[in-house]
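Asks: Under my numbering, the letters of the sequence shown match residues 262 to 735, in that order. Just dropping this structure here.
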Amino acid sequence: MYMLEKDYAIKISAILASSYYKEWVGYFEKVLRATRSKRHKHKKDVMLAMQYKLAQAETLFWEKLREGREKAKKLHDKSQLTPKEEKELRGLEDHILIHEQLIRISRTICDGIAWRNLNYNRTFLNSSSRGFGAGSVDVNSKEFRSEFMWAHRISKSLDSLVILNDLTHFLRVGDLTEIKDGVAFIHEIKKYGKDIKNMFTLKRVQGKAKISNQAKRLLELQRIAIANKARIGGIDIDTRVMELEPRTYISRIKRLFRKSEKKMVVSENFDNCIQIEVTNFRAINENKKPVDVEELKKLSPKEKTKDLVLIHSNWDTFYSDEKGNFVRSAPPYSIFPFSAKDCMYLMSGYYLVKCTLNVTILKEILKQHNWEIEDRTETDLDKQIADFEKDKDRMFSVKDGLYAHSPDDHGLFIIRRGPFSVALDTMLYARLTMEYLTFSSFLDILEYMYRVASQRQSSDAYFPRFRNENELWN
């Protein structure tokens, strides 16, 4: 199971050879390093200035993107292309993809600023991401100038860190997110800065005056930020700190990165059911000797198996659609505990880190640890897909509450012990395939959930958080 289509992956590998792309990735690496620096962490003005620099870069990318799309559309509208025009169209498609990815990288850096200063609070960040993507950014527009003016004013007067939401993926409610002592306050800028909506100004709405759906979503997210719990299906879902010390494969993956600098393609097996493979495209592109593609393929053999396997990679984060949806199930690579260079190579695609989870073997190992497995039927899976298709276009609509449309993810299968059960859903298996949690830590989470459910005599839902979450990320 791949999330990324093969043809799209081939296009990604092609743009990695671009010197223009390489130059911008080098620039972003410097910006990323600065945003991660402890020296700058509490300098609100510096963080705001960095966002402005990124907004300037995004403005340029959007100009190039519009130009490329217009030219490509003219060629696509032709009934037949000459060989010269076909070559031009391929070049334009690469041009478009490059600038789409540069925008994604820029926003991933800003996501990192948000995650760090919100203390990696997934309850808030998973909720704030429940909106469609932002459109184009133009630092010269009246709208952007008014938002930046308010961001500067709030930052100076209240000594808060302020993030411009349109420069991120994860902050999709309101225009500005102010962060004070780890708590978020959401602001909506109206009438080009003449009016501002937030929890304080909305309190003054009196009598029969109507509050817009947009304002209701703002207040809903504000409640989540303050109470650290979300109301889903009429039930308050709290945040619960798990008294666990998470363990990851991070140090071993770092060694794979270093090995890939010489060997280009390296892999390692973990806990019998997981394989991680690293392909270093930067090393391939910069190799002085011609690279034998067939020899590289031998280093990444396709094993034939009847087992069910689940494959995720960092290239899956290249995914987007016409509504700006993105991979919400994993933290941004800008906060991973690698070096700034390694994080940038993950974000840019110079590293292809492919994690293969053998689901068939995973089930057997779980059984060995006294867990029962309940497989999903084809009917169950069909219903889940149908429910998702029905809700996907309105799931993140500004017309409804944040969790008004939240179809159940029943996962690949159900894990049971006695009356306790939990689905191996996206949020759970992504801990293994996208966050590189060790299998022993995964088992610890299951045991913790079982223990809590046994004590409370119910399988309550909650947003899980590790005790030392702040130490897990950068």
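The C-beta atom is built at its ideal place from N, Cα and C for all residues, glycine as well. All of these numbers come straight from a predicted model, not from anything done at the bench.
1) What separation, rounded to the nearest whole angstrom, lies between the Cα atoms of residue 489 and residue 448?
2) Taking its Cβ as the centre, do 16 or more other Cβ atoms sit within 10 Å of residue 366, making it buried, or is it exposed?
3) Under 8 Å, do residue 293 and residue 601 count as touching if we go by C-beta distance?
4) Taking contact to mean 3 or more Cβ pairs, one atom from each stretch, closer than 8 Å, check whether the region 691 to 710 and the region 606 to 624 are in contact.
5) Identify whether residue 574 lies in helix, strand or coil by the three-state DSSP scheme.
6) With a threshold of 6 Å on Cβ separation, who are the neighbours of residue 671 within its own chain once the five nearest residues in sequence on each side are excluded?
7) When you compare the region 378 to 386 with the region 650 to 662, are there three or more beta-carbon pairs, one atom per stretch, that lie closer than 8 Å?
8) Output yes or no for whether 8 Å exceeds the beta carbon distance between residue 723 and residue 501.
9) Given this structure, state the Cα-to-Cα distance separating residue 598 from residue 277, to the nearest angstrom.
10) I'd like the span of the alpha helix (DSSP H) that includes residue 620, first residue to last.
11) State buried or exposed for residue 291, treating a residue as buried only when at least 16 other CB atoms are found within 10 Å of its CB.
12) Is it buried or exposed, residue 530, if we count other Cβ atoms within 10 angstroms and call 16 or more buried?
13) For residue 359 versus residue 288, is the C-beta distance shorter than 8 Å?
14) Out of curiosity, what's the CA-to-CA distance linking residue 354 and residue 578?
15) In chain order, what residues of the same chain lie with their CB nearer than 8 Å to the CB of residue 682, ignoring the 5 residues before and after it?
16) Please report the distance separating the alpha-carbon of residue 262 from that of residue 421.
17) Considering only residues of the region 642 to 730, which uninterrupted alpha helix (DSSP H) runs meet the minimum length of 4 residues and lie entirely inside it, listed in chain order?
18) What ranges does the alpha helix (DSSP H) occupy inside the region 278 to 314, keeping only unbroken runs of at least 4 residues that lie completely in it?
19) Using DSSP's beta-bridge definition, name the partner residues of residue 617.
20) Just to confirm the assignment: which complete alpha helix (DSSP H) runs, minimum length 4, are found wholly within the region 400 to 468?
21) Suppose you measure from the CA of residue 718 to the CA of residue 726; what does that come to, to the nearest Å?
22) Tell me the rounded alpha-carbon separation between residue 308 and residue 301.
23) Tell me the residue span of the alpha helix (DSSP H) that contains residue 207.
24) Indicate the three-state DSSP secondary structure (helix, strand or coil) for residue 635 in the structure shown.
25) Could you give the distance in angstroms between the alpha-carbon of residue 659 and the alpha-carbon of residue 525?
26) So, is residue 731 buried or exposed, given that buried needs 16 or more other C-beta atoms within 10 angstroms?
27) Taking the beta strand (DSSP E) that residue 490 belongs to, which residues open and close that run?
28) Residue 398 and residue 320 look like a contact to me (Cβ under 8 Å); what is the Cβ gap, rounded to whole Å?
29) If you follow the alpha helix (DSSP H) that residue 268 is in, where does it begin and where does it stop?
30) In chain order, what residues of the same chain lie with their CB nearer than 6 Å to the CB of residue 369, ignoring the 5 residues before and after it?
31) From the DSSP output, read off the bridge partner residues of residue 503.
32) So, with DSSP's three-state summary, where would you put residue 322?
33) Measuring CB atoms only, is the region 370 to 380 touching the region 426 to 434, in the sense that at least three cross pairs come out at less than 8 Å?
34) Given a threshold of 16 other Cβ atoms within 10 Å of its Cβ, counted over all protein chains shown, does residue 710 qualify as buried or as exposed?
Replies: Reading off the structure:
1) Put simply, the backbone Cα of residue 489 is about 18 Å away from that of residue 448.
2) Under this definition residue 366 is a buried residue.
3) In this structure, the beta-carbon distance from residue 293 to residue 601 falls below 8 Å.
4) The region 691 to 710 vs the region 606 to 624: in contact.
5) If DSSP states are grouped into helix, strand and coil, residue 574 belongs with the strands.
6) Cβ contact annotation for residue 671 (same chain, cutoff 6 Å, sequence separation greater than five): 645 and 684, in chain order.
7) Using a C-beta cut-off of 8 Å, the region 378 to 386 makes no contact with the region 650 to 662, since fewer than three inter-stretch Cβ pairs fall below that distance.
8) Judged by beta-carbon spacing, residue 501 lies within the 8 Å limit of residue 723, meaning their Cβ atoms are closer than that value.
9) So the two alpha carbons sit approximately 24 Å from each other.
10) Residues 620 to 629.
11) Looking at its Cβ environment, which holds fewer than 16 other Cβ atoms inside 10 Å, residue 291 is exposed.
12) Residue 530 is exposed by the Cβ-count criterion.
13) No, these two residues do not count as a Cβ contact at 8 Å.
14) Rounded to whole angstroms, residue 354 to residue 578 spans 19 Å at the Cα level.
15) If we look at residue 682 and ignore the five residues flanking it on each side, its Cβ neighbours are 635, 675, 676 and 720.
16) Caution is warranted here: a pLDDT of 39 is assigned to residue 262, below 50, making its placement in the model unreliable, and the coordinate value is therefore given only provisionally. Put simply, the backbone Cα of residue 262 is about 44 Å away from that of residue 421.
17) Listed in chain order, they are 687 to 694 and 700 to 717.
18) Runs of the alpha helix (DSSP H) inside the region 278 to 314: 280 to 297.
19) Residue pairing by DSSP puts residue 617 in a beta bridge opposite 536 and 572.
20) Those alpha helix (DSSP H) runs which fall completely within the region 400 to 468 and span 4+ residues are 403 to 419 and 460 to 463.
21) The alpha-carbon atoms of residue 718 and residue 726 are separated by roughly 21 Å.
22) Straight-line Cα distance between these residues: approximately 7 Å.
23) The first residue shown for the chain is 262 and the last is 735, placing residue 207 beyond what the model contains.
24) Reduced to three states, the DSSP call for residue 635 is strand.
25) Distance between the alpha carbons of residue 659 and residue 525 is about 45 Å.
26) With fewer than 16 Cβ atoms within 10 Å of its Cβ, residue 731 is classed as exposed.
27) Run containing residue 490: 490 to 493, per the beta strand (DSSP E) assignment.
28) 6 Å between Cβ atoms; contact.
29) Its alpha helix (DSSP H) spans residues 267 to 276.
30) Closer than 6 Å at the Cβ level, and outside the excluded window around residue 369, lie 593, 595 and 608.
31) In the DSSP output, where bridge partners are listed per residue, residue 503 has 727.
32) Three-state result, residue 322: helix.
33) As far as the Cβ criterion goes, the region 370 to 380 touches the region 426 to 434, which means the pair count is three or higher.
34) Flag for residue 710 reads buried.
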